[in-house]
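Below is the structure:
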């Protein structure tokens, strides 16, 4: 292992992400974290339970310096992503050797979704960094010849603190803690367990103190758990059908994150020589597989939210892909081909991000980010300054720039809806009132559809394409016209 190489990986992790730093909040959850900077309250979705208090405190500290919530979060994403790449190099070197370490770092550096998320307002690159760091400490505790107890305590302390940033790590890393505990003495295991419990309790009560008390925190957990169960989990109304939906989404996210690493993953189990080498150290192969696959216990039966979730698995998969590259070079009886195999896989993945126009490619990131600003600018022009904005998945982002940030003119009216709700019909009126009906105002007979994913039908639609490719679909002269909203379909019936 070379600290110089680790430093190079960190520098590359920063330099390759800087050109793709975004200016606007990325998605729904980004708004929740931005609002949590102002006031932490998980019951009010600032952010959603369990609250991720330590992450909120971190971005709040960065916000105090930069003065912009999106910039605060993207800077954390940038640095955490670079740290994750460097840490994976160090960890893989401790697990195996320098060849595996360099290949693992190169694969993580060029993974498409991990590259994209190094510049957006999401906490998932931090999830990867924390997972790698804790796994490294657990492995050092397991493999130590002496001092396993103190090493377990140190790893447990890091684990307990990491849970305050990402609560899902409590489940994902629990098997690794158990493996490390079994290698330590009983007294150190009990002491470390007590330390971990104290740190988690400290996080919970600190969150409760910040977020309205213990009862409010417990209610936030209940509300969030019910939402997940109702929409995604086998424990809700979906039952076993949730397994198919979650498995499909997981495969989609993994496929996008791995891209051309997928064939290398198959090389290890398919090669008899590679299997023999890996199984020569059963404890190591068990550790890597448990670390990599433990998140499946949550992702398949309960919920795998979006692309960033798989960053808990991606580091381990990069290590396995590196071992696959080594197995492929060995099996072809051309060991000197290893650098070419690694470089080819890394460069092809980099090309997918940099050149293609696919989800979370560089073009897609720029289109998504610039599209927010370009839509805002277009909607503030006189002909759309009083339009009613119709938004689905991007509804909270639009609401943020309408009411919190106020870049959108306050003359706009926002209709934000959940595509999962049943079909609804409405007759568009230029008179709009609040829920109580005691405050009304006029609005222009114009609808502007924000989300690119929404499909529009019926007569009278005008498509306005933004400079970077995002779109607004606009329908004018809408007074007393019926509008049908069904999932991601919007129909105008004149």
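In our numbering, the protein residues as written are 515 to 1008.
Glycine residues also receive a C-beta, built at the ideal position from the N, C-alpha and C atoms.
Because the structure is a prediction, the values reported are computed rather than measured.
Query	Result
Buried or exposed by the 16-neighbour rule on C-beta atoms within 10 Å, applied to residue 719	exposed
Unbroken alpha helix (DSSP H) run spanning residue 587, endpoints	583-609
Straight-line gap, residue 759 to residue 817 (C-alpha atoms, nearest Å)	9 Å
When 692, 615, 747, 978 are compared against residue 895, the one with the closest alpha-carbon	978
Proximity winner among 806, 658, 724, 616, relative to residue 561 (alpha-carbon distances)	724
Range covered by the beta strand (DSSP E) that runs through residue 903	902-905
Touch test, the region 799-808 against the region 822-837, Cβ-Cβ under 8 Å, three pairs minimum	yes
Status (buried if at least 16 other CB within 10 Å, exposed otherwise) for residue 881	buried
Rounded distance between the beta-carbons of residue 628 and residue 639, thought under 8 Å	7 Å
For residue 761, the first and last residue of its enclosing alpha helix (DSSP H)	755-772
Nearest residue (CA-CA) to residue 615, options 957, 515, 675	515
Best match in 797, 824, 745, 736 for proximity to residue 933 [C-alpha to C-alpha]	745
Residue 916 versus residue 902: straight-line alpha-carbon distance, rounded	12 Å
As assigned by DSSP and simplified to three states, the class of residue 928	strand
Neighbour-count burial assignment, residue 660, 16 or more Cβ in a 10 Å radius	exposed
Extent of the continuous beta strand (DSSP E) run through residue 988	985-989
Complete alpha helix (DSSP H) runs within the region 859-925 (minimum length 4 residues, chain order)	876-893, 909-913
Residue 825 vs residue 607 beta-carbon contact at 8 Å	no
Span separating the alpha-carbon of residue 738 from that of residue 858	43 Å
As assigned by DSSP and simplified to three states, the class of residue 612	helix
Nonlocal neighbours in the same chain, by C-beta distance under 8 Å from residue 604, ignoring five residues either side	515, 520, 615, 650
Own chain, CB closer than 8 Å to residue 845, minus 5 neighbours either side, in chain order	781, 785, 787, 788
Residue burial classification, residue 762 (beta-carbon count within 10 angstroms, cutoff 16)	exposed
Cutoff 8 Å; reference residue 683; Cβ partners in own chain excluding five residues on either side	641, 644, 645, 648, 673, 676, 677, 826
Residue 981 burial status per 10 Å Cβ neighbour count (16 or more: buried)	exposed
Where residue 846 sits in the DSSP three-state scheme	coil
Per-residue DSSP class, three states only, for residue 747	coil
Element boundaries [beta strand (DSSP E), containing residue 574]	Counting along the chain, residue 574 falls outside any beta strand (DSSP E), though it belongs to the alpha helix (DSSP H) covering 567-580.
CB of residue 757 within 8 Å of CB of residue 815, strictly	yes
Spatial neighbours of residue 987 in its chain, beta-carbon cut-off 6 Å, leaving aside the 5 residues before and after	963, 970, 975, 977
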